[in-house]
Amino acid sequence: MSITDKEVFKDYYNDTLGELIEYDKNNDSNILEVLKYYLENNGSVQKTAEHFYVHRNSINYRLNKVQDILDMDISDLDNRIQLRLAFMVRDMLD
7 MSITDKEVFK
17 DYYNDTLGEL
27 IEYDKNNDSN
37 ILEVLKYYLE
47 NNGSVQKTAE
57 HFYVHRNSIN
67 YRLNKVQDIL
77 DMDISDLDNR
87 IQLRLAFMVR
97 DMLD
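Its first residue numbered 7, the sequence shown is counted upward by one per residue in my numbering.
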């Protein structure tokens, strides 16, 4: 992969999830990882809550926060694909 390709991927990742990255930094939270786990588990709030050892209402609150920050409906399939792709790009760049 060339440097230009890496920059394109990095830009995609930052454009898609950059606001959540900033939110986590500013609020000492893990909302980005909650979203990643939620998406990897086909939108299961219960599995996500169990993984993070919190009540499902806490996960719902965080997911609503994600939607507010990104101004995106995360129940929409196209949006989920976009978000999953951004996480795949992150994993590829690491």
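Glycine is no exception: its CB is placed at the ideal position from the N, C-alpha and C atoms.
With a cutoff of 8 Å on beta-carbon distance, I80 and L89 are scored as near each other.
For V72, the enclosing alpha helix (DSSP H) starts and ends at R62 to L76. Rounded to the nearest angstrom, the gap between the Cα atoms of H61 and K71 is 16 Å. Around the Cβ of I65, a 10 Å sphere holds 16 or more other Cβ atoms; the residue is buried.
Bounds of the alpha helix (DSSP H) holding I37 are I37 to E46.
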